[in-house]
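Single-structure report; data block below.
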Amino acid sequence: MIEILNASGLARAQTTGTLVADILQTMKRRATVGTNLLEIDQWTKEMILEARATSCYVGYEPSFGRGPFGHYICTSVNDAVLHGRPHDYTLGDGDLLTLDLAVSLNGVVADSAISFLVGESAQPESEAMIDATERALAAGIAAAGPGARIGDLSHAIGAVLSEAGYPINTEFGGHGLGSTMHQDPHIVNTGRPGRGYRLQPGLLLALEPWIMADTDELVTAEDGWTLKSATGCRTAHSEHTIAITEEGADILTLPTSSLAGSEV
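Residue numbers for the sequence shown follow the UniProt record's numbering, so the first one is 1 and each next one is one higher.
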């Protein structure tokens with residue numbers, strides 16, 4: 001299913017996107033050395049409920065997961081990159097943490113992810129990975145607009161990641177969204193330009209370049225949900241929800257001005 005939103009739907013999507021971004025930036029500020037992943041999940045729950053929004057994750061039960069996800073945010077640490085299920089883990093100095101959040105508010109979903117280092121320990125290789133995903137995300141957004149094709153976005157993302165020297169997994173990638181979290185079209189993180197679905201105004205897309213330092217192979221953790229690098233290497237993931245407009249693409253998952261200084 002591909003949904004095309006009208007002006008009212010896009011306005012609601014903007015509100016949802018801001019909420020998602022504000023929660024992520026708040027959690028980034030709170031995720032310090034000694035913070036437990038279960039605390040992050042609880043704080044996220046409180047902010048979602050306070051906003052009278054709904055988590056897209058608690059009852060999420062796709063074929064690749066083991067039962068309902070049962071938590072409010074994905075917390076992936078170090079070698080975990082996608083669907084990190086919060087558990088009893090205390091963050092240490094130098095941990096690489098990815099937070100991924102999808103929320104529904106007023107009938108419209110927004111989805112975003114950020115990766116960052118915890119504490120003060122210098123981690124040049126991890127910083128380079130995070131930077132590569134952020135640059136790839138920016139490239140994908142720059143390629144988006146009415147008339148562009150999905151392959152144009154995939155190619156732009158993949159070109160940045162490949163130039164940086166990272167293998168690219170194509171099992172999981174970006175996607176459409178609207179009244180539900182995952183919709184068509186699927187957006188792989190590498191591809192050929194000029195191919196695939198042609199974008200049109202009113203379409204919402206979640207673009208999400210993610211990488212693993214030295215492999216493109218994923219393994220599933222014992223919790224049945226968390227996807228990790230097969231070699232145990234570190235990972236990074238950046239994601240924004242964008243709206244296709246008559247002029248180009250608007251990023252919906254940007255924080256309010258009071259939190260903008262924390263934006264990655």
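Think of the CB as a built atom: it goes at the ideal place given N, C-alpha and C, for glycine as much as any other residue. Keep in mind the model is a prediction, meaning the values are calculated, not measured.
Practice prompt. Give the C-beta separation of T253 and V81 to the nearest angstrom, bearing in mind that I take them to be a contact with Cβ-Cβ under 8 Å.
Written response: Not quite, the Cβ-Cβ distance comes to about 19 Å (not below 8 Å), so this is no contact.
Worksheet item: To the nearest angstrom, how far is it from the Cα of A221 to the Cα of T180?
Response: 26 Å
Fill in: beta strand (DSSP E) runs wholly inside the region 21-93, at least 3 long, in chain order
74-77, 80-82
Fill in: Range of the contiguous alpha helix (DSSP H) that encloses A143
124-143
Worksheet item: Taking three-plus beta-carbon pairs below 8 Å as touching, is the region 50-62 in contact with the region 124-140?
Response: no
Item to complete: Please confirm whether I150 and L161 have their CB atoms less than 9 Å apart.
Response: no
Worksheet item: Is the region 139-154 touching the region 107-126 in the sense that three or more CB pairs, one from each, lie closer than 8 Å?
Response: no
Discussion item. What does DSSP give as the partner residue(s) for Q183 in the beta ladder?
Written reply: G176
Fill in: Pair within 9 Å by beta-carbon distance, L204 and T231
no
Worksheet item: If we ignore side chains and look at the alpha-carbon of each, how far apart do L37 and H87 end up?
Response: 6 Å
Worksheet item: Between H186, Y72, L137, which lies nearest to R198 when the distance is taken from Cα to Cα?
Response: H186
Worksheet entry | Residues that R149 bridges to, as DSSP identifies them | R198
Discussion item. Would residue 267 and S112 be called neighbours here (beta carbons separated by less than 9 Å)?
Written reply: Nothing in the structure corresponds to residue 267, since the chain is present only between 1 and 264.
Worksheet item: Which of the three DSSP states, helix, strand or coil, is assigned to T18?
Response: helix
Worksheet item: So is M1 buried or exposed if we call it buried at 16+ other beta carbons inside 10 Å?
Response: exposed
Practice prompt. Taking S115 as part of the beta strand (DSSP E), name the residues at either end of that continuous run.
Written response: 108-117
Worksheet item: How about the region 55-65 and the region 86-106: do they share at least three Cβ pairs that are nearer than 8 Å?
Response: yes
Practice prompt. Measure the alpha-carbon distance for G92 versus G145 and round it to whole angstroms.
Written response: 41 Å
Item to complete: Consult DSSP for residue 265 and reduce its assignment to one of helix, strand or coil.
Response: With the chain covering 1 to 264 only, the question about residue 265 has no answer from this structure.
Discussion item. Could you compute how far the alpha carbon of G147 sits from the alpha carbon of I244?
Written reply: 10 Å
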